[in-house]
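Asker: Got a structure here, written out as structure tokens. Questions coming.
Numbering (the working numbering), first residue to last: 28 to 437.
This is how it looks when you write it as structure tokens:
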């Protein structure tokens, strides 16, 4: 019985030549003692395979003989998988390719293979693959407002232990979004894809000692189809809904009152810092003191914006990528692949992601926002905020650069 076997780039080009001469897929598969689906995939990816083959000879006018390595077969198979994904217009970024490489290497018994960044860069050079870039822009922060907050911070926090100082913030999560950047073969067209617009809002809250509250998730439907025969009370999050899946004053007040009841039952009084968006209404509560951050300063003064949300999204993204890997071969289009992710999937993954955020990472983010050092002088505090604004306060996943990590967040 034929089985899947490694075919080098040169062998795949030879397959294309045989097919062009009129040989059937079955005939070629029989000659090479491999599966028909493997030959069919090569036939479907012929333009990219030939483009990659030609680009390797373009600079010298002849084929470049590449140095053989232990992982040649794995590398070729990954390029075949990558080409198949791109033929379906499914974006493939570095972390996704690395995850696929790790899974396949374990199946092949390569126990010492790590899919490092160095390997990824070498693989990209070998197959003339690069990233299709997207640019972004940063917004300014009013430093006078930052300075004023720093001056008032000791007075604001003096009556609260660090374990009773909380920060809460919402983040939009496009829970079906495929990677925003994709690797492409050099010279290949950069086909656009329609980004999945299915968004939920997630409210995260944590304390200076790393305590994490149950996430609040806001969706668009009261009873999504994936919740059929499921009690919402059994979900690992608090689920609410409205037509736009946004935080509203009504939902925020409800969340605050339930949190106040919880703190009252424990005999705790907490300080809760939030930004001053319109949904964050002023509420007088017995066991929660609300403090609103100055406008447009959250990137420097709010712990959740100082890395907590980024870490959370990184963990969520990792689980989404694993699902993409498992479903990619069955999907015919990027749209079909995105639709395989349900809201219930997203809720389970974001719960696991929130659980995976370490208390030590949260404490570092509180330190970045200067909430761990109330005795520092004003000059020290200002210097510390400016310094930490230009470096990450969290530990990135192994084998991932900062630029790659931040671009994979939805």
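Where is the CB? At the ideal position from N, CA and C, for every residue including glycine.
1) In its own chain, which residues sit with a C-beta less than 7 Å from the C-beta of residue 228, not counting the 5 before and 5 after it?
2) Give me the residue from 49, 125, 291 with the minimum Cα distance to residue 150.
3) Is the separation between the beta-carbon of residue 56 and that of residue 63 shorter than 7 Å?
4) Considering only C-alpha positions, which residue in the set 148, 308, 378, 251 is nearest to residue 341?
5) With a threshold of 6 Å, establish whether the CB of residue 396 neighbours any heavy atom of the ligand FMN.
6) Buried or exposed: residue 169, going by 16 or more other Cβ atoms within 10 Å of its Cβ?
7) Cα-Cα, which of 265, 201, 248, 192 is closest to residue 445?
8) Is it the case that the Cβ atoms of residue 384 and residue 339 are separated by a distance below 7 Å?
9) For residue 259 and residue 302, I'd like the C-alpha separation in whole angstroms.
10) Across the region 179 to 190 and the region 343 to 356, are there enough close Cβ pairs to call them in contact, namely three or more that are closer than 8 Å?
11) In this structure, does DSSP put residue 84 in helix, strand or coil?
12) Relative to the C-alpha of residue 230, which candidate in 280, 187, 250 has its C-alpha closest?
13) Would DSSP call residue 264 helix, strand or coil?
14) In the structure shown, what three-state DSSP assignment does residue 139 receive?
15) Quick one: which unbroken alpha helix (DSSP H) runs of 4-plus residues sit fully inside the region 39 to 67? Chain order, please.
16) Out of 291, 278, 391, point me to the one whose CA is closest to residue 328's CA.
17) To the nearest angstrom, how far is the alpha carbon of residue 233 from that of residue 250?
18) Does the distance from the CB of residue 310 to the CB of residue 283 come in under 7 Å?
19) From residue 139 to residue 269, what does the alpha carbon distance come to, in whole angstroms?
20) If you compare alpha carbons, which of 293, 308, 299, 300 is closest to residue 277?
21) Can residue 291 and residue 314 be called in contact, C-beta distance under 7 Å?
22) My assumption, with CB atoms under 8 Å, is that residue 113 sits in contact with residue 69. Please give the rounded CB distance.
23) In angstroms, rounded to a whole number, what distance separates the CA positions of residue 346 and residue 50?
24) On the three-state DSSP scale, how would you describe residue 234?
25) Could you give the distance in angstroms between the alpha-carbon of residue 366 and the alpha-carbon of residue 372?
26) What does the alpha-carbon distance come out to for the pair residue 374 and residue 136?
27) Look at the alpha carbon of residue 243 and the alpha carbon of residue 266, and state the distance between them as a whole number of angstroms.
28) So for residue 293, helix, strand or coil by DSSP?
29) Can you tell me which of the three DSSP states residue 368 falls into?
30) Looking only at DSSP bridge pairs, what is residue 349 linked to?
31) Which one or two residues does DSSP pair with residue 193 in a beta bridge?
32) What number of angstroms, rounded off, separates the C-alpha of residue 41 from the C-alpha of residue 382?
33) Less than 7 Å between C-beta atoms, sequence neighbours within five positions excluded: which residues of the same chain meet that for residue 376?
34) Under the rule that 16 or more other beta-carbon atoms within 10 Å means buried, what is residue 157, buried or exposed?
35) For residue 102, does the count of other Cβ atoms within 10 angstroms reach 16, so buried, or fall short, so exposed?
Answerer: From the atom records:
1) Position 201 of the chain shown, counted from the first residue, corresponds to residue 228. Around residue 228: 197, 199, 245, 272, 273, 274.
2) Position 123 of the chain shown holds residue 150. Per the Cα distances, 125.
3) For the purposes of this step, residue 56 is identified with residue 29 of the chain shown, where counting begins at 1. For the purposes of this step, residue 63 is identified with residue 36 of the chain shown, where counting begins at 1. Cβ distance < 7 Å, so residue 56 and residue 63 count as in contact.
4) The residue you call residue 341 lines up with position 314 of the chain shown. Among 148, 308, 378, 251, the Cα nearest to that of residue 341 is on 378.
5) For the structure depicted, the ligand FMN is absent and the ligand set is empty, with no information on it obtainable.
6) Counting from one through the chain shown, the residue named residue 169 turns up at place 142. Burial call: exposed.
7) Residue 445 lies beyond the residue range present for the chain, which begins at 28 and ends at 437; the question has no answer from this structure.
8) Position 357 of the chain shown, counting from 1, holds the residue named residue 384. Position 312 of the chain shown, counting from 1, holds the residue named residue 339. Yes. Within cutoff.
9) Residue numbering aside, residue 259 sits at position 232 when the chain shown is read from its first letter. Residue numbering aside, residue 302 sits at position 275 when the chain shown is read from its first letter. Between residue 259 and residue 302, the C-alpha separation is close to 29 Å.
10) no
11) In the chain shown, counting from the first residue as 1, residue 84 sits at position 57. Residue confidence for residue 84 is low, a pLDDT of 46 falling below 50, so the modelled location carries little weight; the figure read from the coordinates is stated next. Note: residue 84 maps to helix in three-state DSSP.
12) As a working mapping, residue 230 is identified with position 203 in the chain shown. Nearest of 280, 187, 250 to residue 230, Cα basis: 280.
13) Counting from 1 along the chain shown, the entry for residue 264 is found at position 237. In this structure, residue 264 counts as coil in the three-state DSSP scheme.
14) As a working mapping, residue 139 is identified with position 112 in the chain shown. Residue state, collapsed to three classes: coil.
15) 52 to 59
16) What you label residue 328 is simply residue 301 of the chain shown in a count that begins at 1. If we check each option's Cα against that of residue 328, 391 comes out closest.
17) Taking the chain shown and counting its residues from 1, the one referred to as residue 233 is at position 206. Taking the chain shown and counting its residues from 1, the one referred to as residue 250 is at position 223. Roughly 28 Å between the two C-alpha positions.
18) By 1-based counting over the chain shown, the position of residue 310 is 283. By 1-based counting over the chain shown, the position of residue 283 is 256. Contact: yes.
19) Position 112 of the chain shown, counting from 1, holds the residue named residue 139. Position 242 of the chain shown, counting from 1, holds the residue named residue 269. Looking at the two C-alpha atoms, the distance is approximately 50 Å.
20) For the purposes of this step, residue 277 is identified with residue 250 of the chain shown, where counting begins at 1. Minimum Cα distance to residue 277 is reached at 308.
21) Counted from its first residue, the chain shown places residue 291 at position 264. Counted from its first residue, the chain shown places residue 314 at position 287. Cβ atoms of residue 291 and residue 314: closer than 7 Å.
22) Counted from its first residue, the chain shown places residue 113 at position 86. Counted from its first residue, the chain shown places residue 69 at position 42. No, residue 113 and residue 69 are not in contact; Cβ-Cβ is about 14 Å, not under 8 Å.
23) Reading the chain shown from its first residue, position 319 is the one you call residue 346. Reading the chain shown from its first residue, position 23 is the one you call residue 50. In a straight line, the C-alpha of residue 346 is about 42 Å away from that of residue 50.
24) On the chain shown, residue 234 is found 207 positions in, with the first residue counted as 1. Strand at residue 234.
25) Mapped onto the chain shown, residue 366 falls at position 339. Mapped onto the chain shown, residue 372 falls at position 345. Answer to the nearest angstrom: the Cα atoms are 11 Å apart.
26) In the chain shown, counting from the first residue as 1, residue 374 sits at position 347. In the chain shown, counting from the first residue as 1, residue 136 sits at position 109. Roughly 34 Å between the two C-alpha positions.
27) Here residue 243 corresponds to residue number 216 of the chain shown, with the count starting at 1. Here residue 266 corresponds to residue number 239 of the chain shown, with the count starting at 1. C-alpha separation (whole angstroms): 6 Å.
28) As a position in the chain shown, residue 293 is number 266, starting the count at 1. Note: residue 293 maps to coil in three-state DSSP.
29) Residue 368 sits at position 341 when you count from the first residue of the chain shown. Correct three-state label for residue 368: coil.
30) In the chain shown, the residue the question calls residue 349 occupies position 322. Beta-bridge pairing links residue 349 to no other residue.
31) The residue labelled residue 193 in the question sits at position 166 within the chain shown. Paired residues: 234, 299.
32) Counting from one through the chain shown, the residue named residue 41 turns up at place 14. Counting from one through the chain shown, the residue named residue 382 turns up at place 355. If I take the Cα positions, the gap works out to 50 Å.
33) As a working note, residue 376 is residue 349 in the chain shown. 343, 346, 347.
34) Along the chain shown, one-based indexing puts residue 157 at 130. When all chains shown are included, residue 157 counts as exposed.
35) Residue 102 sits at position 75 when you count from the first residue of the chain shown. Looking at its Cβ environment, which holds 16 or more other Cβ atoms inside 10 Å, residue 102 is buried.
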